[in-house]
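In my numbering, the protein residues as written are 362 to 859.
Cβ atoms here follow ideal geometry from the backbone N, Cα and C, with glycine treated the same way.
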Ligand SMILES: Nc1nc2c(ncn2[C@@H]2O[C@H](COP(=O)(O)OP(=O)(O)OP(=O)(O)O)[C@@H](O)[C@H]2O)c(=O)[nH]1
Ligand SMILES: [Mg+2]
């Protein structure tokens with residue numbers, strides 16, 4: 362659905378891949394193109410204009426981190442603003458104990474209310490363990506009741522209707538029915554109209570007055586693009602909306618409605634319909650959609666992590682110390698802290714470009730915690746001069762960190778090996794390669810495992826390094842190549858899933 366927008370946007374951004382500051386000139390050019398791509402995707406005019414203005418403001422003069430390009434930085438800013446523009450707060454439903462949750466569905470004719478009613482009932486039953494009751498409150502069309510009954514019968518969801526009663530009466534009666542039959546969630550399907558008119562709004566108003574819905578959803582047909590947004594605005598004038606459900610996103614809609622609805626109406630998109638089957642309903646997640654549109658989730662995450670955590674100066678300083686063999690346990694500790702701040706290692710690894718054959722599933726955050734605890738139990742003096750650490754100190758450190766003398770020994774040994782490795786690498790000229798990686802990626806120790814020959818050194822908790830709890834590195838030679846390939850495929854799959 363968003364293919365053409367995605368294509369255009371990624372072309373624009375890759376044009377901005379030169380490293381360096383975001384300059385007014387290159388940014389203006391890029392933003393103007395993005396704006397026209399948005400309009401082409403049927404994004405509301407005002408929405409596109411506002412969005413671009415905010416991105417420009419955020420990006421102006423922003424320093425580009427050394428490890429990312431201006432284009433990548435802009436992707437990140439654009440991403441955040443888009444998510445901001447669409448994201449909903451909290452959950453779509455708040456269920457309360459002791460009384461049924463009432464959900465009202467409204468919308469124009471043919472927008473997909475009845476279909477969505479059944480989809481939601483199944484979603485609530487299967488994902489939230491609710492016991493739904495669907496109420497056929499569309500008394501305009503005789504066939505409407507049958508349509509809902511058929512859907513209910515096919516999916517084992519009871520449908521309530523009493524012939525001859527007006528919608529508001531049906532709603533009240535349904536409450537009693539739910540109490541009598543042990544149903545805890547009531548979904549009211551209402552009649553559609555070709556246009557929003559006085560009669561429709563009054564009908565909905567009467568239903569609301571009788572049963573006070575917990576959630577009122579407007580069902581909009583995404584294929585109608587900006588008309589969907591306009592009708593949402595009009596509904597919003599008289600009907601308090603908690604959310605919008607966009608249907609037919611599987612069609613050839615350009616997606617503009619999804620991007621505009623929340624900004625224009627204030628009501629967030631909560632679900633999207635992606636087909637005619639009852640299972641074709643998805644919870645709407647702004648961040649996922651935006652990642653899909655930009656097709657650059659990896660870049661965004663990378664910039665985020667680089668921004669949030671890594672003090673580049675510090676990384677460089679550490680690198681220099683490594684090159685001079687001045688890398689101490691303190692530096693080691695600093696790097697561990699940085700790695701930990703970055704959140705789950707697993708997550709981090711899977712987002713780093715050029716992070717070779719590390720199986721993210723093999724990373725053990727707990728082992729990292731342990732290593733850090735051991736180091737924190739050392740005195741600063743001990744960290745500077747590990748040779749001070751005799752058996753009694755080891756005992757103290759083990760006790761302080763809740764580990765064992767063996768664990769302390771293990772850490773010290775690894776650190777020693779690491780320093781030896783540095784020397785070897787330096788001699789072998791590998792150091793410059795390592796340096797390049799460090800400086801370029803702005804990364805910490807994580808990058809190093811890759812450069813260390815197998816079995817020679819280790820960082821606890823990192824795969825490929827034989828620390829406490831770290832699984833063995835994939836074997837050498839063919840196995841390693843295989844592992845590399847598997848990893849690449851795994852990542853590719855991961856990207857597609859977004
Ligand atoms: N492709 C696709 N079709 C959908 C989707 N949602 C609904 N439809 C189809 O849209 C048509 C209208 O759906 P209904 O659920 O009857 O719409 P309604 O809003 O209840 O219509 P009225 O009761 O007449 O106002 C049906 O043919 C549905 O199968 C969707 O997400 N994707
Ligand atoms: Mg209907």
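Near ligand 2: residue 475 beta-carbon under 7 Å from a heavy atom: yes
Closest residue to residue 390 among 402, 413, 734 and 403 (Cα-Cα distance): 413
Between the CA atoms of residue 459 and residue 613 - distance to the nearest angstrom: 43 Å
For residue 635, the nearest candidate out of 473, 595, 505 and 777 (CA to CA): 473
Residue range of the unbroken beta strand (DSSP E) whose run includes residue 467: 462 to 468
Residue ranges of each alpha helix (DSSP H) within the region 499 to 541, 4 or longer: 503 to 516
N- and C-terminal bounds of the beta strand (DSSP E) containing residue 631: 630 to 634
Meets three-Cβ-pair contact criterion under 8 Å: the region 569 to 577 and the region 432 to 440: no
Own chain partners of residue 555 with C-beta closer than 8 Å, once the 5 adjacent residues on each side are dropped: 469 and 470
Cβ-based burial, residue 623 [other Cβ within 10 Å; buried from 16]: buried
Ligand 4 heavy atom lying under 7 Å from the CB of residue 746: Looking at this structure, you won't find ligand 4 anywhere; what it does contain is ligand 1 and ligand 2.
Residue 585: CB within 7 Å of a non-hydrogen atom of ligand 1: no
Rounded C-alpha distance that separates residue 455 from residue 399: 34 Å
Cβ-based neighbour list, residue 482, same chain, cut-off 6 Å, excluding 5 preceding and 5 following: 493, 495, 518 and 548
Helix, strand or coil at residue 750 [DSSP, three-state]: coil
Where residue 644 falls: helix, strand or coil (DSSP): strand
Integer-rounded CB distance, given that residue 509 should sit under 8 Å from residue 520: 5 Å
C-beta atoms of residue 448 and residue 583 nearer than 8 Å: no
Three-state class that DSSP yields for residue 739 in the structure shown: coil
heavy atom of ligand 2 below 7 Å from residue 513 C-beta: no
CA nearest to the CA of residue 544, picked from 463, 589 and 750: 463
Of the listed residues 653, 745 and 644, nearest to residue 693 (C-alpha basis): 745
Rounded C-alpha distance that separates residue 542 from residue 394: 57 Å
CB contact flag (residue 651, residue 440, <8 Å): yes
Distance, residue 552 Cα to residue 375 Cα: 48 Å
Residue 564, buried or exposed, once every other Cβ within 10 Å from all chains shown has been counted against 16: buried
Assigned secondary structure, residue 611 (DSSP; H/G/I helix, E/B strand, else coil): coil
Cross-strand partners of residue 493 (DSSP beta bridge): 546
Secondary structure of residue 459, DSSP reduced to three states: coil
Residue 563 Cβ short of 7 Å to ligand 1 heavy atom set: no
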